[in-house]
């Protein structure tokens, strides 16, 4: 069974008196364990697509099925529960909570995921991303690469079915960017979690197994890459 | 909920200076509330106790036909105390004392001052009106002696052992004068006595004004609240009217109520400013943390939890500010409740009509402290709802990528 399936998904945004068509009937199937990147120029619909598959936003038309559950028509609260249970996010700007330590940031994801606080599990998640000696540092005491590793640990600690990484290397130098991508690829191989990236970065494209190219709200290419 | 509360507390430490500045109005409002109410309640208690201890006792009886409004301390038409009233007083709870008040002129050489003559049985009177706050330079009066309020004596330049003349109108309207010796000068901390009273025995007053009976009977009970049952039982007996200590202090207590309302108004205004500050700070925090809120929502935090996080942040800010206000107002209040404020220098002849202890103590009780803490916290919680609601309505898709 596919982890994600999109059928003729349309997204319209009101803009003044008119509407902007951000996605024009996108259909796509993603199998469990895929490492997939959405690529395309700005305005192509990558972010809109990630928002919809990540349950941050709803499609205007079409059907989205995540891990066997129909997403279309769910309330904001139900979407929130679905995100907490099945989706992990890694953001371009890390979006860590600055008043919490690395460990507390990771623990927070467990709590919000409706799981009991589990310090050992949160610690292990940070050990897995190579931050065993940075557990109690706050985000402002960590480098950009380390912050993104915390964000990855935070996304993965609750063992989500789907990890969405929105331009995860955009704020990192090439060395840190490559290290973060290698880490995500390793976790993808070890844990079988499905990773969806949105990117312009060739570094990302060179490490994924599938590249879906978008232009003006439509899929123009779907390339599988064997590595 | 506990992790939301913990997160809210951490968020308060992001910008400590801003949190402190926001708290200033709330601290001031709660401190004013605690101290202001402590002062007014202390003033109430001062007036009540001083009135009871120097003027009214717990129950004050006056002859029914005695017209208090006619002139000061009228003595016309006084009669001996009816036997049935005396019998009831003797059989009832507590101690009583008969007092005769009249206008008198105190003359020393070429100088003279108008004063209030107070005639009592010194031994019996002490059981109703305690003298533990009295300081007597000299002795209590006997025979043809008078005890003069210390400030009155100072103004007239009288010393212990001096001869003075008492001039007064008798109950029949004739003028009378007696030469008496000053047995002592008394400081009671009550301006009404210290500034204006000449104390003497009933026997001497009888010789001076020839009144056939007292103008008042004051009664001291085991507890002051007993007055509310005893006074009605005595009222009308032998044609005498009975009033409680509360009736006697009613005018000044009503003035205190006005003071209390003025303080309430000031507290309300300060807390309105505090509420505006808290709401403003939280709105700023909500806009500064859009991306964080977006990330929390992306991780599954519900709009209700976002709202709770901001309300808890406001509540924590309000609680901490209220606690500081309670500590500040409480500490100042406790100091003045313990050490007191000496108003003796400020108490002048004009204030002589009021029963007021010049050593003023504020009232320190737990009620205003708890009330201040609750009030400040509730105001902060109410002020937090609008910013909390603003934050909870953020669209997570936009919020996670906000600039």
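Chains as they are written, first to last, in this note's numbering: chain W, 1 to 227; chain D, 1001 to 1403.
C-beta atoms are modelled at their ideal positions from N, C-alpha and C, and glycine is treated no differently.
Since the model is a prediction, treat every value here as computed from it, not as a measurement.
Nearest-angstrom Cβ-Cβ length linking residue i and residue j, presumed shorter than 8 Å
{"i": "residue 1214/D", "j": "residue 1100/D", "result": "5 Å"}
{"i": "residue 1295/D", "j": "residue 95/W", "result": "4 Å"}
{"i": "residue 11/W", "j": "residue 77/W", "result": "No, residue 11/W and residue 77/W are not in contact; Cβ-Cβ is about 21 Å, not under 8 Å."}
{"i": "residue 1171/D", "j": "residue 1210/D", "result": "6 Å"}
{"i": "residue 135/W", "j": "residue 103/W", "result": "4 Å"}
{"i": "residue 1278/D", "j": "residue 1380/D", "result": "5 Å"}
Exposure of residue i, with buried meaning 16 or more beta-carbon neighbours within 10 Å
{"i": "residue 165/W", "result": "buried"}
{"i": "residue 1229/D", "result": "exposed"}
{"i": "residue 119/W", "result": "exposed"}
{"i": "residue 5/W", "result": "buried"}
{"i": "residue 1036/D", "result": "buried"}
{"i": "residue 1352/D", "result": "Confidence at residue 1352/D is low in this model, with a pLDDT of 49, below 50, so the placement of that residue should be treated as unreliable; the coordinate-derived value is given next. Buried."}
{"i": "residue 1111/D", "result": "exposed"}
{"i": "residue 1393/D", "result": "exposed"}
{"i": "residue 8/W", "result": "exposed"}
{"i": "residue 1376/D", "result": "buried"}
{"i": "residue 1191/D", "result": "buried"}
{"i": "residue 1254/D", "result": "exposed"}
{"i": "residue 1366/D", "result": "exposed"}
{"i": "residue 154/W", "result": "buried"}
{"i": "residue 15/W", "result": "exposed"}
{"i": "residue 1179/D", "result": "exposed"}
{"i": "residue 1338/D", "result": "exposed"}
{"i": "residue 1064/D", "result": "exposed"}
{"i": "residue 207/W", "result": "buried"}
{"i": "residue 3/W", "result": "buried"}
{"i": "residue 1268/D", "result": "exposed"}
Close beta carbons around residue i, own chain, < 6 Å, minus the five adjacent residues each side
{"i": "residue 1350/D", "result": "At residue 1350/D the pLDDT is 47, less than 50, meaning the model places this residue with poor confidence; the figure from the coordinates comes in the next sentence. So no residue of the chain qualifies."}
{"i": "residue 20/W", "result": "13"}
{"i": "residue 83/W", "result": "55"}
{"i": "residue 175/W", "result": "none"}
{"i": "residue 182/W", "result": "none"}
{"i": "residue 112/W", "result": "84"}
{"i": "residue 1242/D", "result": "1059, 1061, 1231, 1234 and 1235"}
{"i": "residue 1005/D", "result": "1312"}
{"i": "residue 79/W", "result": "55"}
{"i": "residue 1028/D", "result": "1270"}
Residues of its chain near residue i, where Cβ-Cβ distance is below 7 Å and the 5 sequence neighbours each way are ignored
{"i": "residue 157/W", "result": "106, 109, 110, 121, 122 and 125"}
{"i": "residue 1/W", "result": "68"}
{"i": "residue 1224/D", "result": "1052, 1058 and 1245"}
{"i": "residue 1018/D", "result": "1281"}
{"i": "residue 1477/D", "result": "Coverage of chain D is limited to positions 1001 through 1403, which leaves residue 1477/D absent and any answer about it impossible."}
{"i": "residue 23/W", "result": "9, 10, 11, 45, 48, 49 and 217"}
{"i": "residue 1288/D", "result": "none"}
{"i": "residue 140/W", "result": "98"}
{"i": "residue 1291/D", "result": "1399, 1400 and 1402"}
{"i": "residue 1096/D", "result": "1089, 1128, 1217, 1218 and 1219"}
{"i": "residue 203/W", "result": "169, 174, 177, 178 and 181"}
Own chain residues within Cβ distance below 8 Å of residue i, not counting five before or after
{"i": "residue 180/W", "result": "145, 148, 149, 152, 168, 169 and 172"}
{"i": "residue 1198/D", "result": "1104, 1106, 1115, 1116, 1117, 1118, 1146, 1147, 1148, 1149, 1152 and 1166"}
{"i": "residue 1054/D", "result": "1129, 1188, 1190, 1192, 1193 and 1355"}
{"i": "residue 57/W", "result": "11, 48 and 51"}
Identity of the residues DSSP links to residue i by a beta bridge
{"i": "residue 24/W", "result": "10/W"}
{"i": "residue 1176/D", "result": "1168/D"}
{"i": "residue 1198/D", "result": "1117/D and 1148/D"}
{"i": "residue 1244/D", "result": "1059/D"}
{"i": "residue 85/W", "result": "Bridge partners of residue 85/W: none, in fact."}
{"i": "residue 61/W", "result": "10/W"}
{"i": "residue 132/W", "result": "According to DSSP, which records beta bridges pairwise, residue 132/W is partnered with nothing at all."}
{"i": "residue 1403/D", "result": "Paired residues: none, contrary to the question."}
{"i": "residue 223/W", "result": "211/W"}
{"i": "residue 19/W", "result": "14/W"}
{"i": "residue 1163/D", "result": "1181/D"}
{"i": "residue 1143/D", "result": "Paired residue(s): none; residue 1143/D is not in a bridge."}
{"i": "residue 1138/D", "result": "1184/D"}
With a floor of 4 residues, list each alpha helix (DSSP H) that falls wholly inside the segment 1082 to 1128 of chain D, ordered by position along the chain. 1083 to 1091 and 1122 to 1128
Considering only residues of the segment 1250 to 1301 of chain D, which uninterrupted alpha helix (DSSP H) runs meet the minimum length of 4 residues and lie entirely inside it, listed in chain order? 1250 to 1288 and 1290 to 1298
At 3 residues or longer, and completely inside the segment 135 to 218 of chain W: list those beta strand (DSSP E) runs for me, N to C. 162 to 166, 194 to 199 and 210 to 215
Contiguous alpha helix (DSSP H) assignments of at least 4 residues, all confined to the segment 1322 to 1398 of chain D: 1366 to 1392
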